Amino acid sequence: MDMLKFVKQKSNEIQFILVYSMDRFSRTGDEAMTIVYELRKNQIYVQSVTQVSDQETAEGELQQNMNLIFAKYDNECRRRKTIAGMREYVGRWCSKPPRGYSKKDGELVINMEGEPIKKAL
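Numbering (the numbering used here), first residue to last: 20 to 140.
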């Protein structure tokens, strides 16, 4: 069952959703703020263990929203860096080479173990 549906159904029994940090709850920013708002209407609060804020104050709500927005920003930065790194390494072998191959300057080369395999194919 979807966690949010479950929590809403059990709203008379659940007061908090505890997360390690707000980026573990969501990395969508504005969508996450909407979810938090909907939960708050049911008297359910999302609370970070490492980013504590009093959500019943305007300052606490602002702090939590900033944490959600920064989680989205951090996710977008990681995405951009990952894509740039992948483009830089196009054509290079980035992981452990398959049996019969070795890596040299990021490219695959057949090693001694691979010579008989090459001849067989």
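Here a beta-carbon is modelled for each residue, glycine too, at the ideal position from N, C-alpha and C. Source: prediction; values computed, not measured.
Which residues DSSP lists as bridging residue i, in chain order
i	result
Ile129	Tyr120
Gln66	Leu37
CB contact flag (residue i, residue j, <8 Å)
i	j	result
Tyr120	Gly110	no
Asn84	Arg46	no
Ile88	Gly125	no
Range covered by the alpha helix (DSSP H) that runs through residue i
i	result
Glu107	Ala77 to Glu107
Thr53	Asp49 to Lys60
Gln28	Met22 to Gln28
Beta-carbon contacts of residue i that lie in its chain and below 6 Å, excluding the five residues immediately before and after
i	result
Asp42	Ala90
Asn86	Met41 and Gln70
Leu143	Any question about residue 143 goes unanswered here, given that the chain covers just 20 to 140.
Cut-off 7 Å between Cβ atoms - residues of its own chain near residue i, not counting five sequence neighbours on either side
i	result
Arg37	The sequence shown places Leu at residue 37, not Arg. Contacts found: Gln66 and Val68.
Gln33	Position check: residue 33 holds Ile in this sequence, whereas Gln was assumed. So the list reads Val26 and Ile63, once near-sequence residues are dropped.
Ile129	Gly119, Tyr120 and Lys137
Subject >> Contact between the region 113-120 and the region 65-75 (3+ Cβ pairs under 8 Å) >> reply: no
Subject >> Cβ contact (3+ pairs, closer than 8 Å) linking the region 23-34 and the region 42-53 >> reply: Inter-segment contact for the region 23-34 and the region 42-53 is absent: fewer than three beta-carbon pairs are separated by less than 8 Å.
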